[in-house]
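Participant:
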Amino acid sequence: MVMLAEKINTTTYYTYADYEKWPEYPRFELIKGEAFEMSAPTLAHQEITVALTLQIGNYLRGKKCKLVAAPFDVRINYDTADNTVVQPDLVVVCDLSKIENGKHCLGAPDMAIEILSETSHRHDKLKKFNIYLEAGVREYWVVDPDARGVQVHILEDGRYFTKAYDSTATIPVHVLEGCNVNLAEVFEPEESP
């Protein structure tokens, strides 16, 4: 696998046609044709993913929207340059015609959730923020395990309006009326040694 990473040049321009030929690991995302290698998630990252999946997934039972966890490709601009493929930690897709062959989402999901890691802060807070804004993702969450909080970005009139929540808050999911996420269950108190 190391050889693959060496072959994928981060200064070369790529499209989805190139991306789909690459093996599953190591994982990459494409942002406007540029390849970004993704690091493996930590245990804390995975525990947060599971906690969010349980709450949002339970709410969605019997409803038309789907919650999908990474790795799951979101081809943001498939209908134009097809050079941006991201793998949010979690996505909510309500227009199920966007899920092509159960393989990837074509265009903007309704909601994207990114859980920060040591290597993804700038990528998720800046690059992906702008990608999701341009694509029209209606709700974008940035979960910070270290700060034990969430920034929620809600799309209105072509701009994101942001609100920060700490680990004691309950967050309403704007794209899923009646769905609320209890952050105390997401950021369980750390165990004492």
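Numbering (the numbering used here), first residue to last: 277 to 469.
C-beta: ideal position from N, C-alpha, C; glycine also.
Among residues of its own chain, excluding the 5 on either side of Phe304, which ones have a beta-carbon nearer than 6 Å to its beta-carbon?
Facilitator: Closer than 6 Å at Cβ, skipping near neighbours: Ala311 and Glu313.
Participant: Check whether the region 332 to 347 touches the region 366 to 378, counting contact only when three or more Cβ pairs, one atom from each stretch, lie closer than 8 Å.
Facilitator: With the cut-off at 8 Å, the region 332 to 347 and the region 366 to 378 touch.
Participant: Rounded to whole angstroms, what is the Cα-Cα separation between Gly454 and Arg414?
Facilitator: Using only the alpha carbons, I get a separation of about 16 Å.
Participant: When DSSP labels each residue in this structure, what does His380 get in the three-state scheme?
Facilitator: In the structure shown, His380 sits in a strand (DSSP, three-state: E or B).
Participant: Measuring straight from C-alpha to C-alpha, what distance separates Tyr289 and Trp298?
Facilitator: Using only the alpha carbons, I get a separation of about 14 Å.
Participant: Could you give the first and the last residue of the continuous alpha helix (DSSP H) run that contains Tyr436?
Facilitator: That residue, Tyr436, is in no alpha helix (DSSP H); its beta strand (DSSP E) goes Arg435 to Asp442.
Participant: Just to confirm my understanding: we take Asn458, look at its own chain, exclude 5 residues before and 5 after, and list those with CB closer than 6 Å. What are they?
Facilitator: So the list reads Thr446, once near-sequence residues are dropped.
Participant: So Leu330 and Ile389 are in contact, right, with Cβ under 8 Å, and what is the actual spacing, rounded?
Facilitator: That pair is no contact at about 13 Å.
Participant: Using 8 Å as the Cβ pair cut-off and three pairs as the minimum, do the region 431 to 445 and the region 347 to 365 touch?
Facilitator: The region 431 to 445, when compared against the region 347 to 365, does not touch it at the 8 Å Cβ threshold.
Participant: Decide if Leu280 is buried, meaning its Cβ has at least 16 other Cβ atoms within 10 Å, or exposed.
Facilitator: Low per-residue confidence applies at Leu280: pLDDT is 45, beneath 50, and the placement is therefore not dependable, though the value from the model is reported in the following sentence. Leu280 comes out exposed.
Participant: I need the straight-line Cα distance from Asp422 to Asp358, nearest angstrom please.
Facilitator: So the alpha carbons of these two residues sit roughly 34 Å apart.
Participant: Whose C-beta lies closer than 8 Å to the C-beta of Leu392 among residues of the same chain, with five residues either side of it excluded?
Facilitator: Around Leu392: Asp400, Lys401, Val418, Val419, Asp420, Pro421 and Asp422.
Participant: Let me know the secondary structure DSSP gives His429 once reduced to three states.
Facilitator: If DSSP states are grouped into helix, strand and coil, His429 belongs with the strands.
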